[in-house]
Amino acid sequence: MNSFKRDKKEEEDGGSQFLNLEKTTVLQEARIFNETSVNPRKCTPVLTKLLYAINQGETLSPKEATDVFFAMTKLFQSKDAVLRRMVYLGIKELSSIAEDVIIVTSSLTKDMTGKEDTYRAAAIRALCSITDATMLQAIERYMKQAIVDRNPAVSSAALVSSLHMSKLAPDVVKRWVNEAQEAVNSDNIMVQYHALGLLYHIRKSDRLAVTKLVARLTRMSLKSPYAVCMLIRITAKLLEEDDEAGGNDSPYFSFIESCLRHKSEMVVYEAAHAIVNLKRTTSRELVPALSVLQLFCGSAKATLRFAAVRTLNQVAISHPAAVTACNLDLENLITDSNRSIATLAITTLLKTGAESSVDRLMKQIATFVSEISDEFKVIVVQAIRALALKFPRKHNVLMNFLSAMLRDEGGLEYKASIADTIITIIEDNPEAKESGLAHLCEFIEDCEHVSLAVRILHLLGKEGPKTKQPSRYIRFIYNRVILECPSIRAAAVSAMAQFGASCPDLLENIQVLLARCQMDSDDEVRDRATYYSNILARQDKALCNSYILDPLQLSIMALERSLKEYLQNPEDRPFDIKSVPLASVPTPEEKEMKHKTEGMLVTQGGPVKPPPVSREENFAEKLSIIPGIQQLGPLFKSSDVVELTESETEYFVRCIKHSFNNHLVLQFDCLNTLSDQLLEQVRVQLEPSEGYRLLAEVPCPRLPYNESGSCYAVLQFPEDDLPNSVGTFGAVLKFVVKDCDPATGLPDTDEGYDDEYMLEDLEITLGDQIRRVTRANWAAAWEEAATAEYAEMEDTYSLSSMHTLEEAVQSIASFLGLQPAERTDRVPEGKTVHTLLLSGMFRGGADILVRAKLALTDGVTMQLTVRSPDPAIAELITSAVG
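This is how it looks when you write it as structure tokens:
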């Protein structure tokens, strides 16, 4: 006993004998298996080390595994129960590596059918791990007997092994359905659970068989709570799949609801969880499930409290009003000793709380927040962000709370989440701008994180000049020039330049500060100060707008690639910055998805992933296989996917449109869903609209069954005829068919025959030729366009099919492919008049500015004004809308 205690102590201290195992040493020790007389006391530790090494990722070569495996088979001579069970584990682990493992089949079959119950279950698991589809029939009789065996361990082992074997030989396992049905009637809870799992797996592809299974089992009283939980999940899946089965009148729903009164807490929770996650569940149908979850919130068991509050947290997203009844119970959980429960309770309350309860809620959680870790604090901050967007009038209370959190100790991720939330509130709610900027100014005085300080300085430069007293922010920005590192000093210089460009009354003072920055010790700071000082000295509004307030938002990766190509192929002409693709601007849907994804990652404790690269950067490399693609210049825009066939058809084709300055590349992604056909020389024959010229086609050489392939068509846009660039193409899929063997995929003959398949017409729209461009100062760009040589077109339209301003705003921005500016894509409640400001760039680099004045009458009336340096582009936009 003392020895045992000492070993246990060593293990707790990290002094385990398995820590520094070497494969070579273990394999040397394994030679003890070959001794004439088996010594269980010596063999068991060696076999344990071997299994530990394999499970820790150590790899054995086939020869090493085979040698050890055959040495291990000699241990079957021993009658020691522990060693024998270790041998079974060894067989399972080595079966996928070693060769000729079937040699132990007879020994395992003997143990499986023997009288020693200690060996039988483990022998079944080991035997099934080495058995393939051809050998399964030899042990089929024994497996059927084991499934209905009186020993629960044997029966469960056989059922679970059958489930694994169904992947290799589904037709053989299907013949065991009678035995599985008999096992469902077992008194043992695990046997019943495993039997139901096997039965469902056998029948899941047959909807009628599953329906009959559920109908039979819902009428009988299953003794296993695990089996009932599985039956609830199967029933819920049937409800989701059958549109006519939903509602209170469905027998499926009635069964799930009846499980809310089950004696097992596990089953009750599973039923409640299933009801709240049904897509078509109404608020009235949620009531009994929410009542159960509410009771669980007061349970003495932490697991039940956690399960209940986590489920309520998820329900609060789709049915916040229904969860409000549980708010009192959730408030009691704020002080729960389990921090995970308390955090979920807080975030749920923040989702469901009314506007009047925000102040009280903030006071309740103020003391709690200081006691939890950064990981949980980030989750709370995410919930506060959603609350601020829901109740914009409460921005002062929420801003003060977030400001207090900023002053607390914390890491970069925690502080960044708070800053992101404050920035989101500022951008969404103009009334919160002054107080939000003030809180951020105070924060950067003591900010330890460079990336966060740089981001806040960028925001101050963007939003500060638009406030009532811009001069109040200059002191905070210039303090960074004096006190901080070069990266922050450079960001501060850029921010001051934006004040100088936007506020003429501050220009003289800004120039003095920039002159001081020109003596900085860092090259980047000095260069920026000199650059901005010279631009501001000219007092040219157009110059300031183009190079300080609203510079081109270039893709950094594309800029680097373009510069490398320019240096590798020197030319006489200077490098054209406008030839570099712009950074992609996320659509409102993409922004919303990004916030949801970040919230899910944070809630699950995972890292927040960096933003993905643009579609154009992703496709640039893929398009490089097209001969001569480099001559077309940089890729301007890649469209969303357009499906040219139904998803259920024998050939599935979808198209992505890639626009260049003067050319259009159509990428057709094709999928062959016929197992008895091999397609070769797959291409799409086009009937381009007037003005387009087909330059080249790149077919897909080979398209086997269930594999995707791409073919391409390169066209030239109509020259000097922009209206014809919007058109419709006819399309036919052409290919050579070779009949083949579905099992092997090999063609029957070398010769094939030509065939074709009609596709949907392909539309080339105005949005395919325009990229979204963010304008930080749209008003300045609009005024500049009025004084510059910009063409202006104006027309009035009646949008009779639209009934709300919100619908009109989204449709116009989506149709034109332009970026809404200055938050004009959000229509205030109750407004009948609204102005939508849009900006973008046409292929070739021509700017586009659009102002749409909308009025709500019987439908929506729109006055559209377009300004662009190219009159043909302005005319194209107005005519396309008409």
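This note's numbering applies: residue 326 is where the sequence shown begins, and numbers increase by one. Beta carbons: idealized from backbone N, C-alpha and C, even for Gly.
Endpoints, beta strand (DSSP E) assigned at residue i
i: Val393; result: Premise fails: Val393 lies in the alpha helix (DSSP H), Pro387 to Thr398, not in any beta strand (DSSP E).
i: Lys1002; result: Rather than Lys, the amino acid found at residue 1002 in this sequence is Gln. Unbroken beta strand (DSSP E) run through Gln1002: Gln1002 to Glu1012.
i: Leu1124; result: Ala1116 to Leu1124
i: Met1083; result: Tyr1078 to Met1083
i: Asp865; result: Careful: Asp865 lies outside any beta strand (DSSP E) and carries neither H nor E.
i: Asp1172; result: Ala1171 to Leu1181
i: Thr1160; result: Val1158 to Phe1167
i: Cys980; result: Tyr976 to Ser984
i: Phe1060; result: Gly1052 to Asp1064
i: Ile1034; result: At residue 1034 the sequence reads Gly, which differs from the Ile that was named. Note, Gly1034: beta strand (DSSP E), Ser1033 to Gln1041.
i: Leu1087; result: Leu1087 to Ile1089
i: Arg1096; result: Ile1095 to Arg1097
Supposed contact pair residue j and residue i - C-beta distance, whole angstroms, cut 8 Å
i: Glu975; j: Thr998; result: 6 Å
i: Val1051; j: Ala1205; result: 6 Å
i: Leu1141; j: Leu1174; result: Going by Cβ atoms, the distance from Leu1141 to Leu1174 rounds to 12 Å, so no, they are not a contact pair.
i: Ala520; j: Ala505; result: 5 Å
i: Phe993; j: Ser1035; result: 7 Å
i: Ile428; j: Thr398; result: 7 Å
i: Leu1236; j: Val990; result: The question about residue 1236 has no answer, for the chain in this structure spans 326 to 1207.
i: Arg805; j: Ile813; result: 5 Å
i: Ala867; j: Ala1113; result: 7 Å
i: Ser742; j: Gln707; result: 7 Å
i: Arg409; j: Tyr444; result: 6 Å
i: Ala448; j: Leu419; result: 16 Å between Cβ atoms; not a contact.
Endpoints, the alpha helix (DSSP H) within which residue i is located
i: Gln992; result: First-last for Gln992: His988 to Asn997, but that is the beta strand (DSSP E), not the alpha helix (DSSP H).
i: Phe545; result: Here the sequence assigns Met to residue 545, which means Phe is not the residue at that position. Met545 -> no alpha helix (DSSP H), and no H or E assigned at all.
i: Arg1027; result: First-last for Arg1027: Cys1025 to Leu1028, but that is the beta strand (DSSP E), not the alpha helix (DSSP H).
i: Ala423; result: Ala423 -> no alpha helix (DSSP H), and no H or E assigned at all.
i: Ser643; result: Ala627 to Ser643
i: Arg445; result: Asp442 to Ile455
i: Ala483; result: Pro477 to Met490
i: Met730; result: His720 to Arg732
i: Gln1188; result: Unbroken run through Gln1188 is the beta strand (DSSP E), Val1185 to Ser1193; no alpha helix (DSSP H).
i: Leu907; result: From DSSP, Leu907 is part of no alpha helix (DSSP H); its letter is neither H nor E.
i: Ile379; result: Pro365 to Asn380
i: Arg805; result: Ile799 to Leu808
i: Arg609; result: Ser608 to Cys622
i: Cys766; result: Lys758 to Ile769
i: Met1127; result: Segment: none, Met1127 is in no alpha helix (DSSP H) and carries neither H nor E.
CB of residue i within 8 Å of CB of residue j, strictly
i: Val617; j: Ala597; result: yes
i: Leu547; j: Leu524; result: no
i: Met555; j: Tyr518; result: yes
i: Val1062; j: Asp1073; result: no
i: Asn1102; j: Asn754; result: no
i: Cys842; j: Pro790; result: no
i: Ser487; j: Ile472; result: yes
i: Leu1040; j: Leu969; result: no
i: Thr1203; j: Met1127; result: no
i: Thr543; j: Phe578; result: no
i: Leu1087; j: Ala1038; result: no
i: Ile802; j: Ala817; result: yes
i: Tyr467; j: Thr438; result: yes
i: Gln462; j: Val497; result: yes
i: Tyr270; j: Ile527; result: Not covered by the structure: residue 270. The range shown for the chain is 326 to 1207.
i: Leu686; j: Val648; result: no
i: Tyr1082; j: Ser1193; result: no
For the pair the region 766 to 784 and the region 735 to 750, tell me if three or more CB-CB distances fall below 8 Å. yes
How do the region 1182 to 1189 and the region 1142 to 1153 stand: do at least 3 beta-carbon pairs fall below 8 Å, yes or no? A contact is defined here as three or more CB-CB pairs under 8 Å, and the region 1182 to 1189 fails this definition with respect to the region 1142 to 1153.
Curious, which full-length alpha helix (DSSP H) runs of at least 4 residues does the region 811 to 885 contain? 811 to 827, 832 to 842, 848 to 863 and 866 to 869
On the three-pair Cβ rule with 8 Å, is the region 639 to 646 touching the region 668 to 680? yes
Report yes or no: do the region 874 to 885 and the region 845 to 852 share at least 3 C-beta pairs separated by less than 8 Å? Between the region 874 to 885 and the region 845 to 852, the count of C-beta pairs closer than 8 Å stays below three; the two stretches do not touch.
The region 851 to 864 / the region 887 to 905 touching (three or more Cβ pairs under 8 Å): no
Inter-stretch contact (C-beta, 8 Å, three-pair minimum) for the region 778 to 790 and the region 1177 to 1184: no
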